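Student: One structure, as structure tokens, below. Some questions next.
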Amino acid sequence: MLAVGSPFASVRTSSSCNALLRELQQIWNDIGESEADKDRMLLELERECLEVYRRKVEEAVNAKARLHQSVASKEAEVATLMAALGELSSSSQVEKRSKTLKEKLASVTPLVEELKTKKEERLKQFADIKAQIEKISVEISGYSNHLNDHTIINTLTLEETDLSLRKLNEYQTHLRTLQKEKSDRLHKVLEHVSEVHSLCGVLGVDFGQTVSDVHPSLERTSVEQATNISNSTLEGLEHTILTLKAERKTRIQKLKDILTSLFELWNLMDSSHDEKSKFSRITSIVRVPETEVTEPGLLSTETIEQASAEVERLTKLKAGRMKQLVMKRRSELEEICRMTHIEADPSTASEKSSALIDSGLVDPSELLANIEVQIVKVKEEATSRRDIMDRIDRWLSACEEENWLEEYNQDENRYNAGRGSHVNLKRAERARVTVSKISAIVDNLINRTLAWEDEKKTMFLYDGARLVTILEDYKLSRQHREEEKKRHRDQKKLQDILLTEKEAMYGSKPSPRKSNSFRKTNGYRANGNGSMTPMPRRNSVGGAAPELLTPRSYSGRQNGYFKEMRRLSTTPLNFVAISKDDTMSYASIYGSEPGSPPQS
Numbered sequence: 001m002l003a004v005g006s007p008f009a010s011v012r013t014s015s016s017c018n019a020l021l022r023e024l025q026q027i028w029n030d031i032g033e034s035e036a037d038k039d040r041m042l043l044e045l046e047r048e049c050l051e052v053y054r055r056k057v058e059e060a061v062n063a064k065a066r067l068h069q070s071v072a073s074k075e076a077e078v079a080t081l082m083a084a085l086g087e088l089s090s091s092s093q094v095e096k097r098s099k100t101l102k103e104k105l106a107s108v109t110p111l112v113e114e115l116k117t118k119k120e121e122r123l124k125q126f127a128d129i130k131a132q133i134e135k136i137s138v139e140i141s142g143y144s145n146h147l148n149d150h151t152i153i154n155t156l157t158l159e160e161t162d163l164s165l166r167k168l169n170e171y172q173t174h175l176r177t178l179q180k181e182k183s184d185r186l187h188k189v190l191e192h193v194s195e196v197h198s199l200c201g202v203l204g205v206d207f208g209q210t211v212s213d214v215h216p217s218l219e220r221t222s223v224e225q226a227t228n229i230s231n232s233t234l235e236g237l238e239h240t241i242l243t244l245k246a247e248r249k250t251r252i253q254k255l256k257d258i259l260t261s262l263f264e265l266w267n268l269m270d271s272s273h274d275e276k277s278k279f280s281r282i283t284s285i286v287r288v289p290e291t292e293v294t295e296p297g298l299l300s301t302e303t304i305e306q307a308s309a310e311v312e313r314l315t316k317l318k319a320g321r322m323k324q325l326v327m328k329r330r331s332e333l334e335e336i337c338r339m340t341h342i343e344a345d346p347s348t349a350s351e352k353s354s355a356l357i358d359s360g361l362v363d364p365s366e367l368l369a370n371i372e373v374q375i376v377k378v379k380e381e382a383t384s385r386r387d388i389m390d391r392i393d394r395w396l397s398a399c400e401e402e403n404w405l406e407e408y409n410q411d412e413n414r415y416n417a418g419r420g421s422h423v424n425l426k427r428a429e430r431a432r433v434t435v436s437k438i439s440a441i442v443d444n445l446i447n448r449t450l451a452w453e454d455e456k457k458t459m460f461l462y463d464g465a466r467l468v469t470i471l472e473d474y475k476l477s478r479q480h481r482e483e484e485k486k487r488h489r490d491q492k493k494l495q496d497i498l499l500t501e502k503e504a505m506y507g508s509k510p511s512p513r514k515s516n517s518f519r520k521t522n523g524y525r526a527n528g529n530g531s532m533t534p535m536p537r538r539n540s541v542g543g544a545a546p547e548l549l550t551p552r553s554y555s556g557r558q559n560g561y562f563k564e565m566r567r568l569s570t571t572p573l574n575f576v577a578i579s580k581d582d583t584m585s586y587a588s589i590y591g592s593e594p595g596s597p598p599q600s
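Sequential numbering from 1 applies to the sequence shown in UniProt numbering.
Next up, the structure:
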């Protein structure tokens, strides 16, 4: 029988079935069933048992299939989750640890739950980063719909196909890039706003209205979330800064023009310090660069209008004092010409200008403008003559040293051990070196003067006389002087020889003893530094060389000079050379001081 000894039944089940079968046979015997009926009923019983086994097998197969499907589904889910999270598959490890389907299912189920939890956390991370990226992108784009830079990010977030750490790192890197860009833009916006605030303060313009025209959020720059950092805002701020700078430049130039007129009027009108101090704040603009003009309100329209009103007031006041101003500017012109040894234009002489104004033939404003032009011209010419004038001063200084040395050499007591004698000895040595250079100085000055005349196509005049002529006459005068000194030395030498011969023939005659009834001076006077300076003395005829004619003795006295030169050629006159501060020698010769008009 199938039940008996069946390999699928346990020993206990077999024993139970055998006992029941024996009990059934006993009952059949008691009843008296035939063997055919017994076989038929046993066959039915065996068929029913097979049917039960078959049903149980089918149920087991179905259960196994369901378990296998569940395991496969879990493993597929694990694979999907791990692929999405970018992790390595661990199904092979699960298979190694588990043999039956239930064990596999029991081991893979918590793994699925763990991966689902990790996925949810990863989704939160992606969502948070994506929200920040989109927020910053919107701020940078200026609240527009331009999301071209984040199309891939949005697509991946919606499909949830890649939640790996690599992709998360990419998002985080992109987020950090956007955060840095946002920080840089915010810093740049704040810098622009600060510059606009400074410019508005200087120009006296409403700052709030200015930045509101660019973007309303810029008035609340202290709140970062409310500050717009889009390209349009940056461009608007840059354009506003350029506009304000251009306006600042225009106002500075306008104010400088006003100040130029104001300075001229102050000088003309001799304005008091109190009147000038009212505008001390704006006068500083002339001395500072444009970028350093930062004082609030310095370039406001009110400030410019105040300066313009002052110019108009002084201009009206100037009209009533025009004659006085003309005389004053003419005096300034004459002073500049005197200091630079340039002949002033006689067309605007004081007497002539006064007569023209009184007669009403000339507008005082035109006359004043003409004098202003002459002053500018004289200053420009003085600038071009500066190098030659410096060399003239050097020449005159050398002439003074030569004059001092001549006086020093004529003093018989110069070697006495008096007070300051050593100082004068040192000065005499320096003076000799300087005097030895006079010829070279004069030649160099002539060459430079000729070069200047060739360049300017005009003569270099010194107080109305051509400098080259003065220098050439000076050289001629110096030559005559040297010849006269040589003749004097030869004459003295001859007198010494004759005296020696006379003494040899008749014997020497004792000289009378000098009287000590009074103390003679040694020809020196003390100067400020304790040294002794030779005092001027009147020279006798034949006692020294004639005067050297310098520009000071020559200026305006050409006729007198040529008369003097003719006299020098016949008579050995001797007189002291002219110094810079001493005009007595000139007056003693010509009867007037240097620079005076020639006398007929």
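Positions of the beta carbon are idealized from the N, C-alpha and C atoms, including for glycine.
Here the structure is a predicted model, which means the values were calculated and not measured.
What three-state label does DSSP hand A65 in the structure shown?
Tutor: Within the sequence shown, residue 65 is the residue found at index 65, counting from 1. In the structure shown, A65 sits in a helix (DSSP, three-state: H, G or I).
Student: For A465, which beta-bridge partners are listed by DSSP?
Tutor: Position 465 of the sequence shown, counted from the start, is the residue given in the question as residue 465. Y462, per the DSSP bridge assignment.
Student: Spatial neighbours of G201 within its chain, please: C-beta separation below 6 angstroms, excluding the five flanking residues on both sides.
Tutor: Counting from one through the sequence shown, the residue named residue 201 turns up at place 201. P296, listed in sequence order.
Student: Does H422 come out as helix, strand or coil in the three-state DSSP assignment?
Tutor: What you label residue 422 is simply residue 422 of the sequence shown in a count that begins at 1. Correct three-state label for H422: helix.
Student: Across the region 263–270 and the region 316–329, are there enough close Cβ pairs to call them in contact, namely three or more that are closer than 8 angstroms?
Tutor: Yes, they touch.
Student: Taking the C-alpha atoms as reference points, what is the distance between V442 and S261?
Tutor: Here residue 442 refers to the residue found at position 442 when the sequence shown is read from its first residue. Here residue 261 refers to the residue found at position 261 when the sequence shown is read from its first residue. When rounded, the distance between both Cα atoms is 44 angstroms.
Student: Which value, in whole angstroms, describes the spacing of the CA atoms of L178 and K167?
Tutor: Residue mapping note: residue 178 aligns to position 178 of the sequence shown, counting from 1. Residue mapping note: residue 167 aligns to position 167 of the sequence shown, counting from 1. Approximately 16 angstroms between the Cα atoms of the pair.
Student: To the nearest angstrom, how far is the alpha carbon of G464 from that of E343?
Tutor: Here residue 464 corresponds to residue number 464 of the sequence shown, with the count starting at 1. Here residue 343 corresponds to residue number 343 of the sequence shown, with the count starting at 1. Going by the C-alpha atoms only, they are around 6 angstroms apart.
Student: I want to know whether the region 396–414 touches the region 354–371 - three or more CB-CB distances under 8 angstroms.
Tutor: Contact between the region 396–414 and the region 354–371 is absent, because fewer than three Cβ pairs lie under 8 angstroms.
Student: So, with DSSP's three-state summary, where would you put S141?
Tutor: As a working mapping, residue 141 is identified with position 141 in the sequence shown. S141: helix per DSSP, three-state reduction.
Student: In the structure shown, what three-state DSSP assignment does residue 606 receive?
Tutor: Nothing in the structure corresponds to residue 606, since the chain is present only between 1 and 600.
Student: Roughly how many whole angstroms lie between the Cα atoms of N18 and W28?
Tutor: To locate residue 18, count along the sequence shown from 1; it is residue 18. To locate residue 28, count along the sequence shown from 1; it is residue 28. The straight-line gap from Cα to Cα measures roughly 15 angstroms.
Student: Can you tell me the Cβ-Cβ gap for L81 and L115, rounded? I've got them flagged as a contact below 8 angstroms.
Tutor: As a working note, residue 81 is residue 81 in the sequence shown. As a working note, residue 115 is residue 115 in the sequence shown. The pair is a contact, with the Cβ atoms about 4 angstroms apart (cut-off 8 angstroms).
Student: Assign E406 to one of two classes, buried (16 or more other C-beta atoms within 10 Å of its C-beta) or exposed (fewer than that).
Tutor: The sequence position of residue 406 within the sequence shown is 406, counting from 1. Flag for E406 reads buried.
Student: What residue from C337, D390 and L361 has the CA that sits closest to V378's CA?
Tutor: Here residue 378 is taken as the residue at index 378 of the sequence shown, counted from 1. For V378, the nearest C-alpha among the options comes from C337.
Student: Just the C-alpha distance for P546 and R481, rounded to the nearest angstrom, thanks.
Tutor: Along the sequence shown, one-based indexing puts residue 546 at 546. Along the sequence shown, one-based indexing puts residue 481 at 481. With a pLDDT of only 48 at P546, under 50, the local geometry of the prediction cannot be trusted, and the value read off the model is given with reservation. When rounded, the distance between both Cα atoms is 6 angstroms.
Student: Do the CB positions of Q209 and L175 come within less than 9 angstroms of each other?
Tutor: Translated into the one-based positions of the sequence shown, residue 209 becomes position 209. Translated into the one-based positions of the sequence shown, residue 175 becomes position 175. Not a contact, by the Cβ cut-off of 9 angstroms.
Student: Would a C-beta distance cut-off of 9 angstroms place I252 and E290 closer than the cut-off?
Tutor: Translated into the one-based positions of the sequence shown, residue 252 becomes position 252. Translated into the one-based positions of the sequence shown, residue 290 becomes position 290. Contact: yes.
Student: Just to confirm, is the Cβ distance from L314 to Q374 under 9 angstroms?
Tutor: Counted from its first residue, the sequence shown places residue 314 at position 314. Counted from its first residue, the sequence shown places residue 374 at position 374. It is not a contact, given that the beta carbons lie outside the stated cut-off.
Student: By DSSP, does S34 sit in helix, in strand, or in coil?
Tutor: Residue numbering aside, residue 34 sits at position 34 when the sequence shown is read from its first letter. Residue state, collapsed to three classes: coil.
Student: Could you give the distance in angstroms between the alpha-carbon of N231 and the alpha-carbon of I140?
Tutor: As a first step, residue 231 must be located in the sequence shown, where it is residue number 231. As a first step, residue 140 must be located in the sequence shown, where it is residue number 140. Roughly 7 angstroms separates the two Cα atoms.
Student: If you follow the alpha helix (DSSP H) that F263 is part of, which residue opens it and which one closes it?
Tutor: Here the question's residue 263 lines up with position 263 in the sequence shown. Unbroken alpha helix (DSSP H) run through F263: N231 to M269.
Student: Comparing C-alpha positions only, which one of K124, K249 and K318 sits nearest to I285?
Tutor: Taking the first residue of the sequence shown as 1, we reach residue 285 at position 285. Measuring from the Cα of I285, the nearest candidate turns out to be K249.
Student: Near E381, what residues of its chain come up, given a Cβ to Cβ distance below 7 angstroms and the 5 sequence neighbours on each side ignored?
Tutor: One-based indexing of the sequence shown puts residue 381 at position 381. Counting only Cβ-Cβ distances below 7 angstroms, and skipping sequence neighbours, we find I342.
Student: Does the distance from the CB of L471 to the CB of L494 come in under 9 angstroms?
Tutor: As a working mapping, residue 471 is identified with position 471 in the sequence shown. As a working mapping, residue 494 is identified with position 494 in the sequence shown. No, Cβ-Cβ distance for L471 and L494 is not below 9 angstroms.
Student: Could you give the C-beta distance for E401 and V435, rounded to a whole number, given that I count them as a contact under 8 angstroms?
Tutor: Along the sequence shown, one-based indexing puts residue 401 at 401. Along the sequence shown, one-based indexing puts residue 435 at 435. 6 angstroms between Cβ atoms; contact.
Student: Rounded to a whole number of angstroms, what is the C-alpha to C-alpha distance between K502 and T469?
Tutor: As a working note, residue 502 is residue 502 in the sequence shown. As a working note, residue 469 is residue 469 in the sequence shown. Each residue's alpha carbon lies about 49 angstroms from the other.
Student: What does the alpha-carbon distance come out to for the pair D496 and R432?
Tutor: Counted from its first residue, the sequence shown places residue 496 at position 496. Counted from its first residue, the sequence shown places residue 432 at position 432. So the alpha carbons of these two residues sit roughly 27 angstroms apart.
Student: Let me know if N416 comes out buried or exposed under the rule of 16 or more other beta-carbons within 10 Å of its beta-carbon.
Tutor: Translated into the one-based positions of the sequence shown, residue 416 becomes position 416. Result: exposed.
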